[in-house]
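Trainee: Residue numbering for the sequence shown follows the working numbering, beginning at 40 and increasing consecutively.
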Amino acid sequence: MAETAEPPRILDSSPPAEVDAAIRGRIRIVCDSVHELQTAFETRPAFASSWITPERFREGDVVARYVVDGVGVTILSPDESSCGVYLVDPPEYRMNPRQLKVLTEVLGRMMTRGPGETGVPSLSMMRSQIGLRAKDMIFSSLAEHDKELTGDELEKQAGHLANVLCKYTAGFGVLETMLTDPRVQDVYVDAPSSQVPVHVVLRSDAALGVRQKCRTNVFVGARDLHAFVSRVKYDTGLPFSEAIPVLEADLRHISSRVTLVSPPLSDRGVSVAIRRHSQETWTMPQLIANGTLSPLLAGFLWACAIGRRAALIAGSRGAGKTTLLTAAMLEFPLSQRILLIEDTPEIPVRRFQGIGYDMQTLRFSSGRMDGNRTRAAEALKVSLRMGESAIVIGEVRGEETRVLYESMRAGSAGSCVLGTIHGNSAKGVLDRAVEDLGVSERAFSSTDIVVVVALIRSPDGTRFRRRVVEVAEVRSSGNSVELVPLFETDQTCQCAKPTEEFSASAGSIVGIARALGMKPEKAIEIVRAKAHADQISSSALPGNSARSQRLSADAARVRSNEVFTECIFAESTPEAGLKEWVRRNDSGL
């Protein structure tokens with residue numbers, strides 16, 4: 040019997056009711072979000088071309104809320120993303136029509152006078168001048184448009200609007216919040232800036248649980264980006280065009296280093312990278328407390344400072360080389376004169392001088408169009424003729440390296456030499472010095488130790504910590520050198536621990552003992568006593584007591600070191616000296 044084929048089934052293509060409701064709800068949310076985004080783009084104030092986009096977020100994702108110069112900042116750490124969110128809420132983006140009208144009128148009147156006619160050399164000076172002129176004009180305009188405003192309220196609103204006008208004329212507009220927020224370390228404006236949100240990197244101690252890499256809710260418009268570039272060019276006097284598509288400069292009034300890149304190098308428009316210099320000086324007890332290094336290593340670095348050793352601090356960009364260098368400089372006794380040679384001003388010189396250090400700075404050019412500045416090698420040669428001093432070089436990277444090692448071999452490089460250099464290991468530093476900088480291995484043996492600090496990232500990439508991962512001693516071996524690890528990391532500890540080579544027979548300990556006129560065995564006992572003292576100091580830091588504040592401050596650190604040195608060399612044994620330091624420390628030094 041022949042089989043008959045079944046008629047084809049007509050499948051019901053409509054989704055179940057609950058799926059249909061979910062889809063429709065999702066579409067509604069997307070449409071609402073698009074509407075909100077479009078509204079934000081359409082309602083930005085007339086004096087700005089940058090957009091602040093709205094963000095919906097769960098209250099549980101908020102890790103910090105605070106205000107920076109009147110601008111609200113909210114930091115989020117959403118569970119579903121390894122990138123944090125940095126939201127700004129500038130009050131000028133919520134002005135009423137009357138305020139916007141007054142501000143636009145005054146801005147138009149002031150634009151008839153260009154920045155070159157103000158007769159001031161920098162934007163920071165121009166800002167105060169513009170503020171004074173703007174406040175008077177805004178005061179008059181507000182009084183004319185709103186008769187109900189009188190007295191203190193009129194004065195308050197005029198001052199507020201004048202500050203806004205300064206921010207978007209002689210300031211850095213909507214980016215200014217990020218450039219003045221002490222929690223922000225880096226700011227990135229990628230091309231095309233109107234389509235890619237600004238990103239920031241927060242400091243590692245910004246807030247508990249925060250993701251350090253954050254996207255913001257700011258899109259920089261073309262007009263605002265052009266104004267930012269113009270302000271940098273005006274403030275630095277450096278060229279920037281398609282013929283010279285890179286501008287690197289220091290903006291000292293905001294303690295930042297800015298790098299601009301334009302087409303043809305950045306083919307989708309101008310991009311900006313800003314690195315902010317920390318205004319805080321970290322001390323060894325603080326670095327011990329956050330796990331960067333051990334108390335024993337801190338005590339060893341103190342001994343190297345007073346024992347006239349030469350040390351290079353190595354690491355990648357952002358690893359914390361300058362932070363560790365600054366902390367090591369605070370280990371110098373106040374009687375030690377310091378010559379600081381820098382291209383980028385990162386060391387807080389005024390703070391050191393305020394503490395009581397005799398510090399002289401020499402600035403040099405790194406090869407950019409700074410015709411009025413000295414080359415690094417020339418600055419170093421000058422420093423060698425300026426009397427007995429510890430020499431600190433912000434970054435060892437060019438022709439000055441050979442001059443430095445020649446002077447170190449000749450014994451004319453001062454009582455101590457400190458510097459930073461790019462490199463991820465002691466072996467990498469040696470290879471770079473020999474292969475790239477033209478220093479022979481025999482000359483490199485003038486270096487006593489190489490300290491390597493690294494960024495240790497969390498598995499999900501949301502946070503990173505700075506750790507000293509290696510300390511190697513440089514030992515001569517004929518015409519070459521041997522790198523001997525004194526401290527290194529292992530699987531049980533991310534922070535470098537002492538090896539068997541860290542002993543009284545280590546060349547650096549012998550050198551310290553010779554400089555201090557004692558036996559190596561006593562020198563290493565003093566190092567261990569200093570480690571005990573630093574452990575005591577760091578253990579007090581988590582509290583908010585007066586003693587904690589006293590021990591954490593940079594000036595107090597220097598004062599504590601001065602007392603420790605007096606005690607340790609005045610008493611019969613290092614142990615007795617430590618006990619005397621503890622007694623005087625508990626009584627307020």
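Glycine included, every Cβ here is placed at the ideal spot set by N, Cα and C.
#1: Excluding the five sequence neighbours on either side, which residues of its own chain have a C-beta within less than 8 Å of the C-beta of T216, listed in chain order?
#2: Who are the Cβ neighbours of T362 in its own chain at under 6 Å, not counting the five residues just before and after it?
#3: Could you give the DSSP three-state label for A85: helix, strand or coil?
#4: Give, in chain order, every unbroken run of the alpha helix (DSSP H) that is at least 4 residues long and sits entirely within the region 464-542.
#5: Please go through the same chain and pick out, in chain order, the residues whose beta-carbon is closer than 6 Å to the beta-carbon of E560, but skip the five residues on each side of it.
#6: How long is the line joining the alpha carbons of E156 and S167, rounded to whole angstroms?
#7: Helix or strand or just coil, what does DSSP make of L290?
#8: Where E427 and R148 are concerned, what is the direct C-alpha to C-alpha distance, given to the nearest angstrom?
#9: Taking V456 and A312 to be in contact with their CB atoms under 8 Å, please state how far apart those CB atoms are, rounded to whole angstroms.
#10: If we ignore side chains and look at the alpha-carbon of each, how far apart do N411 and I460 end up?
#11: Am I right that I177 and V145 are in contact with their C-beta atoms under 8 Å? What's the rounded C-beta distance?
#12: Can you have a look at R63 and say buried or exposed, based on whether 16 or more other CB atoms are within 10 angstroms of its CB?
#13: Y132 by DSSP, collapsed to three states: which one?
#14: Among S599, F541, K558, D593, which has the Cα closest to the Cα of K569?
#15: By the 10 Å Cβ neighbour count, where 16 or more other Cβ atoms means buried, how is S584 classified, buried or exposed?
#16: Output the distance between the C-alpha atoms of A337 and V490, rounded to the nearest integer angstrom.
#17: Using only the alpha-carbon positions, how far apart do C70 and K252 sit?
#18: Below 7 Å CB to CB, which residues in the same chain sit around T208 once its five sequence neighbours on both sides are set aside?
#19: Just mark F608 as buried or exposed, buried being the case when its beta carbon has 16 or more other beta carbons within 10 Å.
#20: CB-CB under 8 Å to V473, same chain, minus the five flanking residues each way: which ones, in chain order?
#21: In chain order, what residues of the same chain lie with their CB nearer than 8 Å to the CB of T143, ignoring the 5 residues before and after it?
#22: Going by DSSP, what residues sit across from H238 in a beta bridge?
#23: If I'm right that V213 touches V240 with Cβ under 8 Å, what's the distance once you round it to whole angstroms?
#24: With a threshold of 16 other CB atoms inside 10 Å of the CB of R135, please say whether the residue is buried or exposed.
#25: Give me the Cα-Cα distance between S232 and S89, rounded to the nearest whole angstrom.
#26: Who are the near neighbours of T486 in its chain, counting only those whose CB is closer than 7 Å to its CB and skipping five residues on each side?
#27: Helix, strand or coil for E381? Go by DSSP, reduced to three states.
#28: Could you compute how far the alpha carbon of D118 sits from the alpha carbon of R95?
#29: I need the boundaries of the alpha helix (DSSP H) containing S295, first residue and last residue.
#30: Alpha carbon to alpha carbon, how far is E281 from A197? Give it in angstroms, no decimals.
#31: Count the C-beta pairs between the region 377-386 and the region 505-522 that are closer than 8 Å, then say yes if the count reaches three, no if not.
#32: Look at the alpha carbon of L443 and the alpha carbon of R502, and state the distance between them as a whole number of angstroms.
#33: Give me the Cα-Cα distance between R5 and C122, rounded to the nearest whole angstrom.
#34: Would DSSP call G190 helix, strand or coil?
#35: Just tell me which of V431, R596, F371 has its CA closest to the CA of T400.
#36: So the alpha helix (DSSP H) H461 belongs to, where does it begin and stop?
Mentor: By the coordinates alone:
#1: In the sequence shown, residue 216 corresponds to position 177, counting from 1. Taken in chain order, the residues that qualify are V107, D108, V110, V112, V127, P129.
#2: Counted from its first residue, the sequence shown places residue 362 at position 323. The residues are W321.
#3: Mapped onto the sequence shown, residue 85 falls at position 46. Secondary structure of A85 (DSSP, three-state): coil.
#4: Those alpha helix (DSSP H) runs which fall completely within the region 464-542 and span 4+ residues are 465-470, 480-483.
#5: Your numbering for residue 560 matches position 521 in the sequence shown. Excluding five sequence positions before and after E560, the CB atoms of its chain that fall closer than 6 Å to its own CB belong to A543, given in chain order.
#6: The residue labelled residue 156 in the question sits at position 117 within the sequence shown. The residue labelled residue 167 in the question sits at position 128 within the sequence shown. With a pLDDT of only 48 at E156, under the threshold of 50, the placement of this residue in the model should not be trusted; the figure read from the coordinates follows. E156 and S167: Cα-Cα distance of roughly 15 Å.
#7: Here residue 290 is taken as the residue at index 251 of the sequence shown, counted from 1. Per DSSP, reduced to three states, the secondary structure at L290 is strand.
#8: Within the sequence shown, the letter at position 388 stands for residue 427. Within the sequence shown, the letter at position 109 stands for residue 148. Approximately 58 Å between the Cα atoms of the pair.
#9: What you label residue 456 is simply residue 417 of the sequence shown in a count that begins at 1. What you label residue 312 is simply residue 273 of the sequence shown in a count that begins at 1. The pair is not a contact, with the Cβ atoms about 31 Å apart (cut-off 8 Å).
#10: If you number the sequence shown from 1, residue 411 lands on position 372. If you number the sequence shown from 1, residue 460 lands on position 421. Because the pLDDT at N411 is just 45, under 50, the model does not fix this residue reliably, and the point stays unresolved.
#11: Reading the sequence shown from its first residue, position 138 is the one you call residue 177. Reading the sequence shown from its first residue, position 106 is the one you call residue 145. Confirmed, about 5 Å.
#12: The sequence position of residue 63 within the sequence shown is 24, counting from 1. Because the pLDDT at R63 is just 45, under 50, the model does not fix this residue reliably, and the value given afterwards should be weighed accordingly. With fewer than 16 Cβ atoms within 10 Å of its Cβ, R63 is classed as exposed.
#13: Here residue 132 refers to the residue found at position 93 when the sequence shown is read from its first residue. Looking at Y132 - three-state DSSP - the assignment turns out to be helix.
#14: Here residue 569 refers to the residue found at position 530 when the sequence shown is read from its first residue. For K569, the nearest C-alpha among the options comes from S599.
#15: The residue given as residue 584 occupies position 545 in the sequence shown. The predicted model places S584 with a pLDDT of 44, which falls under 50 and marks its position as unreliable; any figure quoted below should be read in that light. S584 is exposed by the Cβ-count criterion.
#16: Along the sequence shown, one-based indexing puts residue 337 at 298. Along the sequence shown, one-based indexing puts residue 490 at 451. So the two alpha carbons sit approximately 12 Å from each other.
#17: One-based indexing of the sequence shown puts residue 70 at position 31. One-based indexing of the sequence shown puts residue 252 at position 213. Only weak support exists for where C70 lies, its pLDDT of 40 falling under 50; the value from the coordinates is given anyway. Approximately 29 Å between the Cα atoms of the pair.
#18: Here residue 208 refers to the residue found at position 169 when the sequence shown is read from its first residue. These residues qualify, in order along the chain: I169.
#19: The residue you call residue 608 lines up with position 569 of the sequence shown. Burial call: exposed.
#20: Here residue 473 refers to the residue found at position 434 of the sequence shown. For V473, the CB contacts under 8 Å within the same chain, skipping 5 residues up- and downstream, are S479, E480, F483 in chain order.
#21: In the sequence shown, residue 143 corresponds to position 104, counting from 1. Answer for T143: A85, F86, listed in chain order.
#22: Here the question's residue 238 lines up with position 199 in the sequence shown. Beta-bridge pairing links H238 to Y227, R254.
#23: As a first step, residue 213 must be located in the sequence shown, where it is residue number 174. As a first step, residue 240 must be located in the sequence shown, where it is residue number 201. The Cβ separation is near 18 Å, so there is no contact.
#24: Stepping through the sequence shown from its first residue, residue 135 is reached at position 96. Looking at the sequence provided, one finds Asn at residue 135 rather than Arg. The residue in question, N135, is exposed, as its Cβ has fewer than 16 Cβ neighbours within 10 Å.
#25: Residue 232 sits at position 193 when you count from the first residue of the sequence shown. Residue 89 sits at position 50 when you count from the first residue of the sequence shown. The alpha-carbon separation between S232 and S89 amounts to approximately 9 Å.
#26: Numbered from 1 along the sequence shown, position 447 holds the residue referred to as residue 486. The beta carbon of T486 is closer than 7 Å to those of A349, L351, V513 in its chain, skipping five residues each way along the sequence.
#27: As a first step, residue 381 is located in the sequence shown; it is residue number 342 there, counting from the start. Under the three-state reduction of DSSP, E381 is assigned to strand.
#28: As a working note, residue 118 is residue 79 in the sequence shown. As a working note, residue 95 is residue 56 in the sequence shown. Cα to Cα, the separation comes out at about 14 Å.
#29: Translated into positions along the sequence shown, residue 295 becomes position 256. Unbroken run through S295 is the beta strand (DSSP E), 295-300; no alpha helix (DSSP H).
#30: In the sequence shown, counting from the first residue as 1, residue 197 sits at position 158. In the sequence shown, counting from the first residue as 1, residue 281 sits at position 242. Spanning the alpha carbons of A197 and E281 requires a straight line of approximately 41 Å.
#31: With a cut-off of 8 Å, the region 505-522 and the region 377-386 do not count as touching, because too few Cβ pairs lie within range.
#32: Counted from its first residue, the sequence shown places residue 443 at position 404. Counted from its first residue, the sequence shown places residue 502 at position 463. Between the C-alpha atoms of L443 and R502 there is a straight-line separation of about 37 Å.
#33: Missing from the structure shown is residue 5; the chain here goes from 40 to 628 and no further.
#34: On the sequence shown, position 151 is the one that residue 190 refers to. Looking at G190 - three-state DSSP - the assignment turns out to be helix.
#35: Indexing the sequence shown from 1 puts residue 400 at position 361. The option with the nearest alpha carbon to T400 is V431.
#36: By one-based count along the sequence shown, residue 461 stands at place 422. For H461, no alpha helix (DSSP H) encloses it; the enclosing beta strand (DSSP E) starts and ends at 456-461.
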